[in-house]
Every structure is written in C-alpha cells, then in structure tokens.
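Residue numbering for the sequence shown is 15 to 666, as defined by the working numbering. By construction, the Cβ of each residue, glycine as well, lies at the ideal position given by its N, Cα and C atoms. Remarks on the structure that follows.
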Amino acid sequence: MTDNYDASHITVLEGLAPVRERPAMYIGSTDARGLHHLVYEVVDNSIDEALAGFCKHIAVTINPDGSCTIEDDGRGIPVDIMPKQNKSALEVVMTVLHAGGKFDKNTYQVSGGLHGVGISVVNALSMKLTVGVYRNSSIYSMVFSRGGLVQTLESRLETDAEFRERRTRLDNTTAQSPAELTGTRITFQPDRVIFDTTHFDYDILAHRFRELAYLNKGLEIRVTDNRTEDSDVFCYEGGLREFVAYLNEGKELLYTDVIYADKFDGENKIEVEIALQYNQTYSETLLTFVNSVNTREGGAHLEGFRSALTRAINNSAHANKHLKEDVNVKGEDVREGLTAVISVKIANPQFEGQTKMRLGNSNVKGLVDSMVYQALTEFFEENPKVIAAISRKAQEAANAREAARRAKELARRKSSLELSGLPGKLADCSEREPAKSEIYIVEGDSAGGSAKQGRDRKFQAILPLRGKILNVEKAIEHKALKNAEIQTLITAIGAGYGDSFDPDRARYHHIVIMTDADVDGAHIRILLLTFFYRFMKQLVELGYIYVAQPPLFRVAKGNQERYVYTEETMRAAVAEFGEKGTVVQRYKGLGEMNAGQLWDTTMNPQNRIFKQIRIEDASYANEIFEKLMGDDVTPRKNFIKRHAGEVKNLDI
C-alpha cells in the first residue's frame, strides 16, 4: 500500500481482458449457471437469425472432450473486410466488445442480443474456440484461444461431401447446393481456469432449447450429447399453445382449450403473444419472454399482463353476473391455478444487465395491458363457460385467501428480540446479524440432540422437525398453514411467506437442510425444498438455502481416521490403510454420530460440505417440483425411469 497515488496506478484493460478479469459482470457467475450461459449466448445469435426469418434449424452438440458445438442455417456472420478496422467482420465480432449487427435495425428488427458482447465474451472465456462460416459456397474459418487469434481467416470451397454432412446435421432437406445452405458453426471449450466446473448438463440445456422451440414456432432445435448418446429434436408448430399444454401436462384442467392471442401494434413496433390455461392446482406458473430471452424477474410486460388479466376477469365476470356487483377478486385470486406464457417482441428492449433478467421499458406496461385486455375480453365474450369456471375458481381463491390471512396471524413472526415468540423447539444462536447466522433444520430429536451439543452456539441455531412436513404442492394454502411444522418454520425464519415475504426480515442467511443420507432423508429434503420454493421462493433466489452433506462412511485403523462421502473414496481409503484391521462404519443416520463427529464432519465451517440450492431456470424448477410432488403419478414414473441409470446407491 502506498500513499503516492497518481496516474501511474491507473490500469486500462484492453480488448477482451476485462471479460477475463471480471467474468461475472458478463455472464452472471463462474459456476454451472455461468457455464451454461455461454451456450445460451451463442444460441441466442442463431435465434435472432430465426426472428429475422433467416434460420430454420439449429443443432447443439456436447462433444466427448467437453466442448460444445452450435450450428445454424442462418445467413452466416459476414466475413468481408471492415475498412475502419482493416479486419474481417468475423474477427471484429469475435474479438471486440460491443460489435455486432444488433445496433442496425435494418438487419434485425427485433433481437435478444443488444450489446454486441455475447459471442466475444464466449471467445474470451474459452480455452479454444473455432468458428466456421458458410457463405458463397465456401467455408471461412478462424481459431481463437482465450480471445486471442490463433488462426487468421482462411477460406476454401465446401466439398459435396461436407455439404451433405452439414445438411444431415441440420436436418435440412430443401437446400440442394452449398450456395443455398448458409450458416455459422461455433465450437468452444470453456476455460478451466475461469469456471468452477466445465461439465455441461444435458437436461438443463435440453430444457432451455425446448423452451426456445416453443417460443419460435416452426424452428427446429436438435440437441445431442455425444458423451451419453442422449438426443432430442424440438419443433412445435403450435408454439405457445403447445408450451402451455406441456406445462399443464398431468394436471386436472379447468377447461379444455388454451386461450391464445397474438397482437401487433405497428405504430409502437411491439408484438404481444400470450397463451394461458387454468388448472385445479393452487399454484401459479407464469413465464415471460422478450425477443425469446427468458426474463425471469419479469418487468413491464409482466406487470401489464397481470393488470389486464385481473381487470378482464373482473369486468367479464360482472357482465355475466358470475360475481356480485360489490365484489372484485384480487390479482392473486385470479392467478391461482394459472399457467401462462407471455412472449413480447420489441425493437429496443431495455434489459437490466447483460444477463437480461428484467424488462425495464416503461411504455411496454400500458401497451401490453391494453392489447391483452382487449384479447381476453373478446375471448370471454365468445366463451361464457370459460369465464364462469375462472370466476368460480377466483372466488374460491378469495375465500381461501381470507382463511389464509387468519391462519397467517398464528404464524406471524414477532421481533427477533422477543424470544418468547420463537418456537420452543428452536435452539437459537446468540448472533443477531442474519448474514452471520445459520439455522440447521434437522430430522428428529435424536439428530437434533447431537446437533445442539455439537454446534457453535454463537452463530448456529438448531431446529429439529418431527417427521415429514406437509407436501405443500398438494395442499391449499390455509390448510398448509395449519400444519404445526410449517408454522414452526415460518416463525423461526421470521420473514413471512408468499406475497408478504420480506427477505430483509429473515433471521438467518444460511438455512441448512441436514437430513439422513437415506430414502426418508431424501424425501424430507424434497418436501422442505418444495415448501421453500412455493412459500419463500426469494430465499432460494438469494442463495440462502443449503443442503448439508454428511459423510456416508468412517474408515478407521489404529489412530488413523477418515470420513468419506462415496463408496469409491471409501474403497480408496481402505486400500490405503490396508484391509487388515481397518474398520468401516456406514452412517445411515445423523443420530448415529456423536456430537463431536457431527461437528467435525458436517457443521465445522473448516471441513463441512454444503450444496447451495439455486434456481438456474424457474420453469425447469417448477416442472420438476410438480412432477415429483404433484398428484399425477405418470410424470413421476417417467422421471424416475429417465434418471434411474444415474442412481449408484439406493438405501431402502
């Protein structure tokens, strides 16, 4: 540290160096979420070509070496020389931030990419990236490493054999010559220096690309994993209608048809497409997109849709005398059991941040409100039975909301200083700063006793639960709130629940689920995760929820001792110690550990292993919870069959 602070201490990062220095600024994080974001950035460019009407096929392939290839049949990135830069447009796009075709609205009327940084960021964060462009019956190729040029632009004519192979990869049966089949092919290897993991998850990618295929009807997206031979082809002529039907799969529907509308406002250059359908569940599934980008945190378009929906249902219900004149149902009432997808296409979307989580255009709210209200009102006039069914459900939801309000009073958290208001079974910590406080939710009194004895009382609180909590996926809200264990959880965490949830009131920023490593423990974990996802979703979004990983085995010989978490590491430890005289203890439950062992292995910050629970994709998380915890058995069976091969140890 020096007091002589002058101009010599100012550093200017040039080229793609800022991306490698601060990657999270551009892709959100360097964990699995950021890794998959690289693929989305490349695919989003292909989607923009589809939105412009020039791309019909996209192929995404996970290669055996861990790299990923994305190929499309769009126009292909331009390769001619840019006079100012004296470089090919391809090199500029790949190596210069804020360079791209999205600033010129003659090239792309609408696009998800806006800032011209996506593909150059992928290049900067890849150990190796190879790009091939197919134009003018030729293949133009370049190679980069960590953003730096390895191979300058080369070109050659595409052979007939290469053309046939490419046409097969893209499943394109119409093009008859290389000149007719333009496109771009990018293969990149994520940089292990940058990322915590470089392992692509097929299910996460496949889910995102299924979503994109629904949003762009007629577009075919082929996903292949050459590591496992998994493969899917997504193409939906029904678009959002099929998307909503898919999301409602296995649920009891309120009515048969999916409500659909597609409105375009030429003056304001905005297209609004919606599809919605009600089911008999008590939860809401509402997904929003702008130019095919998943706006997980909503924004102006979501606000406009919600406002229009509430107004249209109230007005139509009153007009048809389904509601009393002096009764208006609230927004939360009309959204119970709703499954809806809102897709907006606009020329100049204002996203918050490069990861595009929320739409900020202030004028969009009023435009969406007006267009959606008109479409819904017309539909309800033509379908009186549908508005009658929705009105009944909304009225039932309003009645349940009032009952839940009364139940909520019983679960309301008192001030953190009023210890008498906390659950009697909670062994609280002395720390009062939430960011430094942890609460362990443990299964049963036996494990709770060990945890209480072994913990650090300064910052670790223990909350034992008796048995399995209620499955909130199947229960109406006010009935769930009558459950003693759920009341205890809400009171202990102290931040409320549902729409009234306030994360700033949470008494702990580390909420740790610590259950046995057996089938019952896994069931309790999923029940707790379902509760947090449905009642306190912001805790998951903020990264406050963790799952503790207790060891499966203790391997000991003489004064040597090792705790291990898999059978493979257990066998390795036995081989290292020698089989003679080595004792292997299998922990079936936390209660089998004494307080010292539990502290050493699972609670000591120096040694413990936590898994942070995150929502990588809200619709995917929603789908999984509904499959695993809903009433319909068939989707659950299919899920188990799909993933049965991944189970190594099943303790029954």
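For this session: May I have the straight-line CA-CA distance separating Val400 from Ala489, to the nearest angstrom?
Result: Cα to Cα, Val400 sits roughly 24 Å from Ala489.
Exercise. In terms of DSSP beta bridges, what is Met528 paired with?
Worked result: Paired residues: Val456.
Exercise. From what residue to what residue does the beta strand (DSSP E) around His71 run?
Worked result: Element bounds for His71: His71 to Ile76.
Exercise. If you pair each beta-carbon of the stretch 603–619 with each one of the stretch 448–468, do three or more pairs fall below 8 Å?
Worked result: At 8 Å Cβ cutoff, the stretches touch.
For this session: Have a look at the DSSP bridge pairing and note the partners of Phe202.
Result: Beta-bridge analysis with DSSP links Phe202 to Cys82 and Leu143.
Exercise. How would you label Ile623, buried or exposed, when you count the other beta carbons within 10 angstroms and need 16 or more for buried?
Worked result: Exposed.
Exercise. In its own chain, which residues sit with a C-beta less than 6 Å from the C-beta of Val74, not counting the 5 before and 5 after it?
Worked result: Result list for Val74: Ile84 and Val237, in chain order.
Problem set entry | Candidates Val157, Lys379, Asn282 and Ile61, of which the one nearest Glu105 by Cα | Nearest C-alpha to Glu105: Val157.
Problem set entry | Three-state secondary structure (DSSP) of Leu479 | In this structure, Leu479 counts as strand in the three-state DSSP scheme.
For this session: Can you tell me which of Glu582, Lys450, Phe591 and Glu491 puts its alpha carbon nearest to the alpha carbon of Ile525?
Result: Closest in alpha carbon position to Ile525, among Glu582, Lys450, Phe591 and Glu491, is Lys450.
Problem set entry | Assigned secondary structure, Phe214 (DSSP; H/G/I helix, E/B strand, else coil) | Phe214: coil per DSSP, three-state reduction.
For this session: Select from Val588, Leu49, Leu301 and Tyr387 the residue whose C-alpha is nearest the C-alpha of Cys82.
Result: Of the candidates Val588, Leu49, Leu301 and Tyr387, the one whose C-alpha sits nearest the C-alpha of Cys82 is Leu49.
Exercise. With a cut-off of 8 Å, do at least 3 Cβ pairs link the stretch 319–331 to the stretch 390–405?
Worked result: Yes, they touch.
For this session: Report the three-state DSSP secondary structure of Met584 (helix, strand or coil).
Result: Here Met584 sits in helix by DSSP.
Exercise. What residue range is occupied by the uninterrupted beta strand (DSSP E) comprising Gly132?
Worked result: It is not in any beta strand (DSSP E) - Gly132 instead sits in the alpha helix (DSSP H) that spans Gly132 to Ala138.
Problem set entry | Where Ser357 sits in the DSSP three-state scheme | In the three-state reduction of the DSSP assignment, Ser357 falls in the strand class.
Exercise. Between Gly312 and Thr302, is the Cβ-Cβ spacing less than 9 Å?
Worked result: Yes, Cβ-Cβ distance for Gly312 and Thr302 is below 9 Å.
For this session: Specify, as a first and last residue, the run of the beta strand (DSSP E) that Val554 falls within.
Result: Here Val554 belongs to no beta strand (DSSP E); instead the alpha helix (DSSP H) covers Lys551 to Glu555.
For this session: Kindly list the residues whose CB is nearer than 8 Å to the CB of Ile666, restricted to its own chain and excluding five residues on each side of it in sequence; keep chain order.
Result: Any reading at Ile666 must be qualified, since the residue scores a pLDDT of 36, below 50, and its modelled position is unreliable; the value itself is stated next. Cβ-Cβ distances below 8 Å link Ile666 to Val533 in the same chain, with the five nearest sequence neighbours on each side left out; the list follows chain order.
For this session: Output the distance between the C-alpha atoms of Gly80 and Met371, rounded to the nearest integer angstrom.
Result: Cα to Cα, the separation comes out at about 28 Å.
Exercise. With a cut-off of 8 Å, do at least 3 Cβ pairs link the stretch 376–392 to the stretch 312–321?
Worked result: Three or more Cβ pairs closer than 8 Å define a contact, and the stretch 376–392 meets that threshold against the stretch 312–321.
Problem set entry | Cβ contact check for the stretch 251–270 and the stretch 91–111: 3 or more pairs under 8 Å | The stretch 251–270 makes no contact with the stretch 91–111: fewer than 3 CB pairs, one atom from each, lie closer than 8 Å.
Exercise. What is the DSSP secondary structure of Ser451, counted as helix, strand or coil?
Worked result: Reduced to three states, the DSSP call for Ser451 is coil.
Problem set entry | Close-in-space but distant-in-sequence residues of the same chain around Ser151 (CB under 8 Å, 5 per side omitted) | Once the five neighbours on either side are set aside, the close Cβ partners of Ser151 are Leu171, Glu172, Ser191, Pro192 and Ala193.
Exercise. Would you call the stretch 409–418 and the stretch 338–352 in contact, with 3 or more CB pairs under 8 Å?
Worked result: These segments touch.
For this session: May I ask you to check if the CB of Ser321 is nearer than 8 Å to at least one heavy atom of the ligand GTP?
Result: For the ligand GTP, the structure offers nothing, since it holds no ligand at all.
Exercise. In this structure, what does DSSP give as the bridge partners for Met96?
Worked result: According to DSSP, Met96 bridges with Lys101.
Exercise. Straight-line CA distance for Val124 to Ala361?
Worked result: Low per-residue confidence applies at Val124: pLDDT is 47, beneath 50, and the placement is therefore not dependable, though the value from the model is reported in the following sentence. Val124 and Ala361 have their C-alpha atoms roughly 5 Å apart.
Problem set entry | Cross-strand partners of Asp276 (DSSP beta bridge) | In the DSSP assignment, Asp276 forms a beta bridge with Glu287.
For this session: Helix, strand or coil for Val486, going by three-state DSSP, please let me know.
Result: DSSP, reduced to helix, strand and coil, places Val486 outside both helices and strands of the structure shown, so it counts as coil.
For this session: Identify every residue that forms a DSSP beta bridge with Gln2.
Result: Look at the range of the chain in this structure, 15 to 666, and you will see that residue 2 is not part of it.
Exercise. When we look at the beta-carbon of Gly659 and count the other beta-carbons within 10 Å, is it buried (16 or more) or exposed?
Worked result: Reliability fails at Gly659, whose pLDDT of 47 lies under 50, so the model's placement of it is uncertain and the value that follows must be treated cautiously. Exposed: under 16 other Cβ atoms inside 10 Å.
For this session: Quick one: give me the first and last residue of the alpha helix (DSSP H) that Ser384 is part of.
Result: From DSSP, the alpha helix (DSSP H) with Ser384 extends over Ser376 to Glu396.
For this session: Pick out whichever of Arg521, Val486 and Lys493 has its Cα sitting closest to the Cα of Gln474.
Result: Taking only the C-alpha atoms, the option nearest Gln474 is Arg521.
Exercise. What are the boundary residues of the beta strand (DSSP E) that Gln626 is part of?
Worked result: In the DSSP annotation of this structure, the continuous segment of the beta strand (DSSP E) that includes Gln626 starts and ends at Phe624 to Gln626.
Exercise. For Thr616, which three-state DSSP category applies?
Worked result: Here Thr616 sits in helix by DSSP.
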